[in-house]
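Numbering (my numbering), first residue to last: 5 to 248.
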């Protein structure tokens with residue numbers, strides 16, 4: 005009888021461990037206006053879309069906000085991780101499993117109005133002293149691949165907005181939509197800044213760690229596609245169009 009009882013406990017413990025290992029960790033970063041913290045609350049169209057997906061698949065995992073570099077490292081190394089708001093580049097294609105896109109963005113270079121920086125080509129941008137980037141972000145990776153050596157990384161884009169406003173950097177590699185919102189959160193007047201160069205247009209999606217269960221990714225993908233079909237994604241995106 006004791007042996008049977010012990011064996012039952014071992015099977016139960018194993019089952020619990022399997023369930024625990026299959027739990028999904030959901031991460032995001034502070035990336036206005038798609039997903040960001042405003043007055044202590046996590047908001048944005050990407051967050052609303054993901055919460056609706058969770059509702060449809062019966063998932064209730066909390067969404068954790070980390071600095072981008074840390075969140076990205078966790079998603080690369082751990083199993084069953086969903087990283088909300090990941091730029092879907094060719095270099096990252098085989099590093100993750102994807103659901104989306106949540107949005108389309110334009111990566112740009114921004115300067116202070118009246119700075120006199122004439123950026124007609126990437127070679128022009130290489131001549132400035134300092135360009136603000138987000139640590140381990142794809143915009144910085146893109147510029148690095150083009151031979152830029154004048155990049156100055158930070159952990160949060162609000163710092164770049166503030167540094168550009170006071171002249172501590174010459175250009176800022178950021179995106180639209182998002183410029184106005186991140187300036188507001190940083191206490192910077194967006195009217196004092198201007199886009200001076202278009203880098204690229206690209207998709208932002210949910211990136212699942214490569215070790216995430218295919219069943220989980222499939223359920224999320226089916227829910228997202230259903231939301232596209234019934235107009236939910238479009239309604240959420242329209243609701244947030246005021247944030248730019």
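All C-beta atoms in this analysis are idealised placements derived from N, C-alpha and C, irrespective of residue type, glycine included.
Could you check whether the segment 179-199 touches the segment 150-166, counting it as contact only if at least three pairs of C-beta atoms, one from each stretch, sit closer than 8 Å?
yes
Alpha carbon to alpha carbon, what distance is there between residue 234 and residue 123?
43 Å
For residue 84, three-class secondary structure by DSSP:
coil
Would residue 222 be called buried (16 or more neighbouring beta carbons within 10 Å of its own) or exposed?
exposed
For residue 187, I'd like the list of residues in its chain whose CB is within less than 6 Å of its CB, leaving aside the five on either flank, ordered along the chain.
165 and 194
Quick check: the Cα distance between residue 121 and residue 158, rounded to an integer number of angstroms?
22 Å
Mapping DSSP to helix, strand and coil, what is residue 212?
strand
DSSP state of residue 176, grouped into three classes?
strand
Can you say whether residue 94 is buried or exposed, counting buried as having 16 or more other CB atoms within 10 angstroms of its CB?
exposed
Does any C-beta atom of chain B lie closer than 8 Å to the C-beta of residue 106?
The question asks about chain B, but that chain is absent: this structure has only one protein chain.
For residue 194, does the three-state DSSP call read helix, strand or coil?
helix
Have a look at residue 206 and residue 227 and give me their C-alpha separation to the nearest angstrom.
23 Å
Backbone CA spacing between residue 245 and residue 156 [nearest angstrom]
30 Å
Beta-carbon gap between residue 32 and residue 69 smaller than 8 Å
yes
From what residue to what residue does the alpha helix (DSSP H) around residue 126 run?
126-130
Residue burial classification, residue 148 (beta-carbon count within 10 angstroms, cutoff 16)
exposed
What did DSSP end up calling residue 122 once you bin it into helix, strand or coil?
coil
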